[in-house]
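> So the mapping is simple: full-length UniProt numbering equals the position in the sequence shown, first residue as 1, plus 4. Quick one: structure below, then a few questions.
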Amino acid sequence: PTIGVAVVGTGRMGADHVRRLDRVTSGARVAAVVDVDAERAKRVADGVEGCAAFTDAAQAMAADGVDAVLIASPGPAHEAALLAAFAHDLPVLCEKPLTPDAASALRVMEAEQRLGHRRVQVGFMRRYDAEYQRLKALLDGGDLGRPLMLHNQHRNVSTPPGFTNEMTVNDSAVHEMDVARWLLDQEITAVTVLRPRPSSSAPDGVDDPQFLVFETDGGVLVDVEVNLNCGFGYQVRAEAVCERGTARIGDGVGLVTHTAGRWGGTIDQDFVTRFEDAYDRQVQAWIDATARGETVGPSVWDGYAAAAVCEAAVRAQQEGHRVPVDLVDRPPLYR
Ligand code: ISE
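Structure, rendered in C-alpha cells:
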C-alpha cells in the first residue's frame, strides 16, 4: 500500500522532504502540501503528480488520499498542526523542535496520551545517521566502559538572516540535547551557557560561538561548542570519553586527495547534504512503520525532554548562571 502524505510547510526542509517522499522513499506519495504562502504551496504541488495545495493544515489532513502528515513548518506552528493531526488520528513525522517550550510540549504529550497510543515520530534525524548509530552501538556494547564525558562541536558556515540567541539553543543545540540523551540513555538535569568573545563573523545581536554544558542524571558531563558562523563548512562532531577509551565521529574523512603539494578532502556546507542519508532513513523508517500501523523513533517524550532542556538553556543564556531542568514523571505510554 502507498501512504499518502500531507507535507505541512514548504520551506527549505519541507520542500526537501517533498522531493524525498516523491523520489527516494518507497511506499509513499505526496498527496498534499500546505503553506501559509499559497503561491509557494502551489509551486511545490505543481512539481508532483496528483498533489493538491492548501493554505490550511487541518483542511489538508481531511483531504482524500491523506494517510499521514509530515510537519515541517516553523517550530511555533507545530502545536496546532499536531493537534489537528491527532483529531484525525493520523501518523505524524514532526520536524524538530517538537514545540518551542516545555508547556506546549506537555500539552502535545497530554493530547497524544488521550489518543491512547503513540502517533508522533520527532525528526531528530541524527539518530538515523550511520556514524551516530555506530557510536551508540559501541557505547551500548560497554567495551569502553562507562561514558564519563561527551564533547560535541556543532558548526555551521553562517547563520541565516533573522537568527537569534534563542535559536542557537532551540534550533541548533537541541540536536545535541537529543543525541546526548539517546547516546547515554540518561536525562539532562542542568544547563550552563558560557560565551567566549564573539566572532567578528557573527551578526550583531547574536553571541556566537557559545559553549553549553549539560549535566545528566547519570553523572556524565556533556559540552557543546555551538559555532554557527565558522565560515569553513558544516561540521558536527562528537567524542565520548569513557573509562577505557574514547570514540569520535564526525571527522568527515571521505575522499582524500593528494595533489600539487597538498592533501585534503571536502567539507559539507550544510545539514541537507551532511545528514542526507539520515533524513532518508528517518523518513523511510516512518513510512514503513506507518504501513505496519506502528510508531517508531524519537517520541513526544523525547521532544518534551529536549524542549525542557532548551527552556533551561535559554534562561541560562539570559541569566548567566547554571539552571536546573525540571521534568514531569515519564508517562507509561513512553516507558
Ligand atoms: C538547523 O535548524 C538544523 O536543524 C541543523 O541541523 C542545525 O545544524 C542548524 O544549526 C539549525 O539551524
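Ideal Cβ placement from N, Cα and C applies to all residues, glycine included.
If you drop the 5 nearest sequence neighbours on each side, which residues of the same chain put their C-beta closer than 6 Å to that of methionine 113?
Closer than 6 Å at the Cβ level, and outside the excluded window around methionine 113, lie Val304 and Tyr308.
> Does histidine 82 pass the burial test, meaning 16 or more other C-beta atoms within 10 Å, or should it be called exposed?
Result: buried.
> In chain order, what residues of the same chain have a beta carbon less than 7 Å from the beta carbon of glutamate 99, not counting five sequence neighbours either side?
Contacts found: Met17, Ile75, Ala76 and Gly127.
> Can you list the alpha helix (DSSP H) stretches of 4 or more residues lying completely in the segment 82-158, in chain order?
The qualifying runs are 82-91, 106-119 and 134-145.
> Would you check if there are 3 or more beta carbon pairs closer than 8 Å linking the segment 214-228 to the segment 147-159?
Yes, since at least three Cβ pairs between the segment 214-228 and the segment 147-159 fall closer than 8 Å, the two stretches touch.
> Using the Cβ count rule (16 or more neighbours within 10 Å means buried), how would you classify serine 30?
It counts as exposed.
> Tell me whether asparagine 169, by its Cβ, gets closer than 7 Å to a heavy atom of the ligand ISE.
No, the beta carbon of asparagine 169 sits no closer than 7 Å to any heavy atom of the ligand ISE.
> If we count the other Cβ atoms within 10 Å of its Cβ and call it buried at 16 or more, is glutamate 43 buried or exposed?
By the neighbour-count rule (16 or more Cβ atoms within 10 Å), glutamate 43 is not buried but exposed.
> Am I right that valine 217 and threonine 196 are in contact with their C-beta atoms under 8 Å? What's the rounded C-beta distance?
That pair is a contact at about 4 Å.
> Taking proline 202 as the reference, give the member of Leu232, Thr220 and Met181 with the closest Cα.
That would be Leu232, whose Cα lies nearest to the Cα of proline 202.
> I want to check one thing, is the minimum distance from the CB of serine 108 to the heavy atoms of the ligand COA below 7 Å?
Ligands present in the displayed structure are limited to the ligand ISE, and the ligand COA is not among them.
> Is leucine 232 near the ligand ISE - that is, is its Cβ less than 7 Å away from at least one heavy atom of it?
Yes; taking the cut-off as 7 Å, the Cβ of leucine 232 has a heavy atom of the ligand ISE nearer than that.
> Evaluate the contact criterion for the segment 161-172 versus the segment 118-132: three or more CB pairs, one atom per stretch, below 8 Å.
The answer is no - the segment 118-132 does not touch the segment 161-172, with fewer than three Cβ pairs under 8 Å.
> List the DSSP bridge partners of aspartate 227.
Answer is His155 and Val217, bridged to aspartate 227.
> Where glutamate 219 and alanine 45 are concerned, what is the direct C-alpha to C-alpha distance, given to the nearest angstrom?
Between glutamate 219 and alanine 45, the C-alpha separation is close to 43 Å.
> List the residues that DSSP assigns as beta-bridge partners of glycine 8.
According to DSSP, which records beta bridges pairwise, glycine 8 is partnered with Arg33.
> Going by Cα to Cα distance, which pick from Asp255, Tyr283, Gln288 and Ile253 is closest to arginine 33?
Nearest C-alpha to arginine 33: Gln288.
> Between which two residues does the beta strand (DSSP E) containing glycine 268 stretch?
Where glycine 268 is concerned, the enclosing beta strand (DSSP E) stretches over 266-268.
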